[in-house]
Amino acid sequence: MRISREQMFMEQALTASKRATCYRRSVGAVLVQDTKVISTGYNGARSGQPHCLGNSCPKDAQGGCVKAVHAEINVLYRAPRIIYSGGKRNLSLYVTESPCSKCAREIVSQGVEEVYYLNEYRIRDGIEYMIEYGVKVFRMTTSGYIIDVDTDEIVNAT
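Taking our numbering, I'd label the letters of the sequence shown as residues 40 to 197.
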């Protein structure tokens, strides 16, 4: 059976997550424009910086790593600048975990119109922020269902 484009892009995000260097959580992301992958990213230390070594990871007050760059930020900043010029951008982001509120703000500011995620993070602030600012947010299941997070309805895959 042929998988949908959404499933294909999420599989690519899952593959990117395997490059993550963060011990706490491995996250991958794929940025798509007009059904073409234009950027991939994963979480971990900044390029050229040493990777965390488990318990030695510097943490903030909530226990999150302060050294890791999130997959969503990496994928947005690695995208060619030309995609951001003029009018409607037709940008979709596929990420293995739902974005945090900081990443959600960057997603909105960069003009991403759709976000698909596989696993929902326990804190929903990022999801709510994106919906509030007009980003269409979808949760995907491993069996290929796509759920509109705002309406909680299953939508058709392409």
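Backbone N, C-alpha and C fix where the C-beta goes; we use that ideal spot for every residue, glycine too. Here the structure is a predicted model, which means the values were calculated and not measured.
In angstroms with no decimal places, state the Cα-to-Cα distance between residue i and residue j.
i, j, result
"Gly67", "Met179", "15 Å"
"Ile186", "Gln72", "21 Å"
"Thr54", "Lys75", "17 Å"
"Asp189", "Val174", "10 Å"
"Cys139", "Arg163", "7 Å"
"Lys141", "Gln46", "26 Å"
"Arg41", "Phe48", "13 Å"
Tell me whether the beta-carbon of residue i lies closer than 8 Å to the beta-carbon of residue j.
i, j, result
"Ala84", "Thr135", "no"
"Ser137", "Glu153", "no"
"Tyr168", "Arg144", "yes"
Taking C-alpha atoms, which residue in the options lies nearest to residue i?
i, options, result
"Asn113", "Ile77, Asn129, Arg128, Cys91", "Ile77"
"Thr60", "Ile146, Cys91, Glu167, Gly87", "Cys91"
"Thr79", "Glu50, Tyr62, Arg64", "Glu50"
"Tyr155", "Glu171, Leu132, Ala118, Met40", "Leu132"
"Leu70", "Ala110, Arg41, Ile42", "Ala110"
"Arg128", "Met47, Arg64, Val151", "Val151"
"Arg58", "Phe48, Val194, Arg64, Tyr81", "Tyr81"
"Arg63", "Met40, Ile170, Val105", "Val105"
Near residue i, which residues of its chain fall below 7 Å by C-beta distance, leaving aside the five closest residues on each side in sequence?
i, result
"Pro89", "none"
"Ser182", "none"
"Tyr172", "Val147"
In its own chain, which residues sit with a C-beta less than 6 Å from the C-beta of residue i, not counting the 5 before and 5 after it?
i, result
"Val176", "Val154, Ile166, Met169, Ile170, Val188"
Which complete alpha helix (DSSP H) runs does the stretch 150-181 hold, if anything under 4 residues is left out?
164-171
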